[in-house]
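Asker: Numbering (the working numbering), first residue to last: 113 to 252.
(1) In this structure, how does DSSP classify residue 174 when only helix, strand and coil are distinguished?
(2) Taking the straight line between their C-alpha atoms, what separation do you get for residue 184 and residue 144?
(3) The beta strand (DSSP E) that contains residue 248, what's its start and end?
(4) Taking the alpha carbon of residue 188 as the reference point, which residue from 209, 167, 202 and 210 has its own alpha carbon closest?
(5) Considering just the uninterrupted stretch of the alpha helix (DSSP H) at residue 215, what are its terminal residues?
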């Protein structure tokens, strides 16, 4: 009787362990994004979940060149994609004087784009999660 209980307990423990291992790996099996996945024209719709009415855009082409508008100033650079992290390297921009509120938006967007950020696409939205801000872009 004791042997049957031990076998049953061993089988149950093995089953639970297998199930937990399979579930923990499921989240890590997200396919990495390719450049072609983000080669689109995007419109910034929110920063940190706060909806924006701004002209801030992001366009990424086949040569991994990025360009767009930060809210007041135009920008350009080269997209670097590493698994599910992205940044715009060699980023430059125009230097127009902007209203203080727009300038704050520009600083948040510029900082997030120029530093490595987690990138994902969900429901035709591009999500960039940086150290300080999360940018949400919708297809333009």
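For glycine and all other residues, C-beta sits at the position ideal for the given N, C-alpha and C. Quick caveat, the model's predicted, so the values are computed rather than measured.
Answerer: This is what the structure holds:
(1) On the chain shown, residue 174 is found 62 positions in, with the first residue counted as 1. Residue 174: coil per DSSP, three-state reduction.
(2) Stepping through the chain shown from its first residue, residue 184 is reached at position 72. Stepping through the chain shown from its first residue, residue 144 is reached at position 32. When rounded, the distance between both Cα atoms is 32 Å.
(3) Reading the chain shown from its first residue, position 136 is the one you call residue 248. For residue 248, the uninterrupted beta strand (DSSP E) segment begins and ends at 246-251.
(4) One-based indexing of the chain shown puts residue 188 at position 76. It is 202 whose Cα lies nearest to the Cα of residue 188.
(5) Against the chain shown, residue 215 aligns to sequence position 103. Run containing residue 215: 212-226, per the alpha helix (DSSP H) assignment.
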